[in-house]
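Okay, so here's the structure we're looking at.
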Amino acid sequence: MKQVNYAKESKDSVKTKSPLKIILDYIFNSFTIAEMEVRKLRHDPTELLTRAVQPVLWLLIFGQAFSRIRAIPTGNVNYQTFMAPGILAQSMMFISIFYGLSIIWDKDQGILQKLIAMPVPRAAFVKGKAFGAGVRAISQVIIILFLSYLLGLNIKWSLLNIIMSIFTIILGAAFFSSLSMALAAIVKSRERFMGIGQVITMPLFFASNAIYPIQIMPHWLQIIAKINPLSYVVELLRGYLINGSISGASFDWLILILATVVIQVISAVLYPHIVT
């Protein structure tokens, strides 16, 4: 009964609110959900360190080995420097793509049912949780950049480039976490979700420009890489952190923003179905 009353009150209140008030409430609700997600992270900060182990191993072992054999053409850039933005994007994706597990966990604990009954737009739930994933991914920016500094990689250490890289990571995390939430709403089971997550993460990673240039890929793989959102994240990061500028940055941002908006709309539609 309370859920019905909440929905009725929400509809009645929307009719009396101005468009500006609706937008402000949406932003406030999104940040409230994001704050709840960040609070979870505060209770278990060790997750940040465990998530950083894999990208650190990639950068230290894989990067140094391939830098010595010079098997991949990267121009005048050392291979370890070339792959650092790709490993940063990989770390962001791995954190975000399994974000749907928290949705399934909330459902199993009965928390999600209570959240959905609140007079909050479904899109605000998705937006808030996606922003929470972005905050988690920022920690990987700090770890990878700190390691890059210790290794003496040729990174452009300007404040603007670092800030733009952080924005890129947040947007990328928003896309992949929203994709994860959409998948969670479909499969509704932790076991099935883990299986699907493991199936799609490595193909997304290897079918991108994270560890090698698109130009050396076979033609069919180049087509996949150019429609892979991770490639645009890597291209932006590589431009900001290595080249210092990007000729097609506006196009890359446009693709990522459009892809994120579309997947968040899909996630918002599917979100209530996870409890049915």
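When we follow our numbering, the leftmost residue of the sequence shown carries the number 29, and every step to the right adds one. Beta carbons are placed, not taken as given, at the ideal position from N, Cα and C, and that holds for glycine. The structure presented is a predicted model; accordingly, all values stated were derived computationally and were not measured.
Cβ neighbour criterion (16 or more within 10 Å) applied to residue i
i	result
Asp136	exposed
Pro113	buried
Ser278	exposed
Ser176	buried
Thr78	exposed
Leu187	exposed
Val290	exposed
Ile171	buried
Inter-residue Cα distance where the pair is residue i and residue j
i	j	result
Ile274	Ser259	14 Å
Leu52	Ala152	11 Å
Ile198	His247	30 Å
Tyr268	Ile190	7 Å
Tyr127	Ala161	7 Å
Ile123	Gly91	21 Å
Lys155	Ile115	25 Å
Trp281	Phe195	10 Å
Ile183	Met111	11 Å
Ile100	Leu264	20 Å
Ala253	Gly103	20 Å
Arg164	Met209	16 Å
Gly386	Ser167	This structure cannot settle anything about residue 386, because the visible part of the chain is limited to 29 through 304.
Ser236	Phe159	24 Å
Glu219	Ile50	38 Å
Leu85	Leu129	25 Å
Span of the alpha helix (DSSP H), counted from its first residue to its last, around residue i
i	result
Thr196	Leu187 to Val215
Gly128	Gly128 to Gln137
Arg96	Gly91 to Ile97
Leu282	Ala277 to Leu298
Thr229	Arg218 to Phe234
Tyr260	Pro257 to Arg266
Residue i in three-state terms, based on DSSP
i	result
Ile183	coil
Val84	helix
Tyr240	coil
Ser167	helix
Thr109	helix
Thr78	helix
Asn104	coil
Pro47	helix
Ile115	helix
Gly11	Coverage of the chain is limited to positions 29 through 304, which leaves residue 11 absent and any answer about it impossible.
Ile274	coil
Met305	The first residue shown for the chain is 29 and the last is 304, placing residue 305 beyond what the model contains.
Rounded Cβ spacing between residue i and residue j (contact assumed at less than 8 Å)
i	j	result
Ala212	Ile131	5 Å
Ala80	Ala238	The pair is not a contact, with the Cβ atoms about 17 Å apart (cut-off 8 Å).
Ile89	Thr229	Ile89 to Thr229, Cβ: 19 Å. No contact.
Ser206	Gln292	5 Å
Ala202	Thr288	5 Å
The ligand ADP heavy atom lying under 6 Å from the CB of residue i
i	result
Lys155	Ligands in the displayed structure: none, and consequently the ligand ADP is not present.
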